[in-house]
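Under the numbering used here, the first residue of the sequence shown carries the number 2, and numbering increases by one thereafter. Single-structure report; data block below.
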Amino acid sequence: MPTGGDGSNPSPHQPFANMNQDILKIARKKFNKLAPKYDKFINVFVDDWRGFCFVFDTLDTRICNNNCQNCDLYKLLKEESLSNNFFAGLKKANCEDKRVFGLNNFLNCKSYEQYLNCFINFIVQNNLTGQDLIDEIKLVLDIEIIYTKDGDPTQKTKKFKKEFFKKIIPQLFPSQLATLHNFLKINRMDLF
2 MPTGGDGSNP
12 SPHQPFANMN
22 QDILKIARKK
32 FNKLAPKYDK
42 FINVFVDDWR
52 GFCFVFDTLD
62 TRICNNNCQN
72 CDLYKLLKEE
82 SLSNNFFAGL
92 KKANCEDKRV
102 FGLNNFLNCK
112 SYEQYLNCFI
122 NFIVQNNLTG
132 QDLIDEIKLV
142 LDIEIIYTKD
152 GDPTQKTKKF
162 KKEFFKKIIP
172 QLFPSQLATL
182 HNFLKINRMD
192 LF
């Protein structure tokens with residue numbers, strides 16, 4: 002059963018607040034140091050993608066041509082290292098990552114839509130079922146947007162998660178839908 006950052010069970014009909022609060026505190030502090038140095042952020046996600054990290058939706062990621070040496074975001078983050086169980090830098094994508102998650106040189110350089118599609122592609126291409134499907138859904142539920150130029154990060158986070166479910170449900174097989182439905186029922190979650 003997914004738990005809140007404090008280990009508590011999620012409240013009914015509130016599936017959108019599970020990220021570890023200590024990690025969010027570290028991430029917000031780090032982002033507040035980065036933000037004055039770079040004015041192209043659009044959305045900044047905190048995710049547990051091979052370890053806690055940012056996923057950056059910026060003007061640069063939206064026009065990315067993998068010319069990283071000339072990218073302002075790359076220049077800002079190239080010296081970042083793991084600190085307090087959180088990585089604020091860029092995570093190199095391998096060939097398999099590029100096949101599944103898109104051609105960007107780094108896993109966490111993604112536009113909002115690209116990032117949303119990463120989850121869809123991973124589930125569909127790998128035909129995830131059972132606990133593997135549940136684990137991926139939990140990852141989606143744990144994501145937080147800590148900055149958005151579009152207003153309230155909490156509302157944007159909820160919107161992202163709702164869009165994920167609206168996009169993934171039509172692509173699931175009946176057995177996957179049953180797994181998803183059972184997970185939501187057990188955890189008393191209402192998606193919409």
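Every residue, glycine too, gets a C-beta built ideally from N, C-alpha and C. All values reported here derive from a predicted model rather than from experimental measurement.
Per DSSP, the beta bridge partners of Y148 are V45. Here the segment 116-131 does not lie against the segment 85-93, with fewer than 3 beta-carbon pairs under 8 Å apart. Taking 9 Å as the cut-off, the beta carbon of I144 is found no closer than this to the beta carbon of L181. Boundaries of the beta strand (DSSP E) harbouring F53: F53 to T59, taken from the DSSP string. Beta-bridge analysis with DSSP links S84 to F87. Boundaries of the alpha helix (DSSP H) around S176: P175 to I187.
Cβ-Cβ distances below 8 Å link S176 to T130 in the same chain, with the five nearest sequence neighbours on each side left out; the list follows chain order. Less than 9 Å divides the Cβ of N44 from the Cβ of T149.
L77 sits away from A94, with the two beta carbons spaced by 9 Å or more. Check the Cα spacing between D61 and each of F42, L142 and F53: the tightest is with F42. Its Cα nearest to that of Q115, the residue F161 stands out among F161, E80 and Q132.
Note on S112: 16 or more other CB atoms within 10 angstroms of its CB, so buried under the neighbour-count rule. Counting only the Cα atoms, N105 lies some 22 Å from I147.
K92 carries a coil assignment under DSSP once its states are collapsed to helix, strand and coil. Counting only residues of its own chain and dropping the five nearest sequence neighbours on each side, Y75 has a CB closer than 7 Å to the CB of C69 and L91.
Excluding the 5 residues flanking it on each side, T158 has same chain C-beta neighbours closer than 8 Å at F17, I144, E145 and I146, in chain order.
In the three-state scheme derived from DSSP, where H, G and I count as helix and E and B as strand, C110 is classed as strand. Less than 9 Å separates the beta-carbon of I135 from that of F184.
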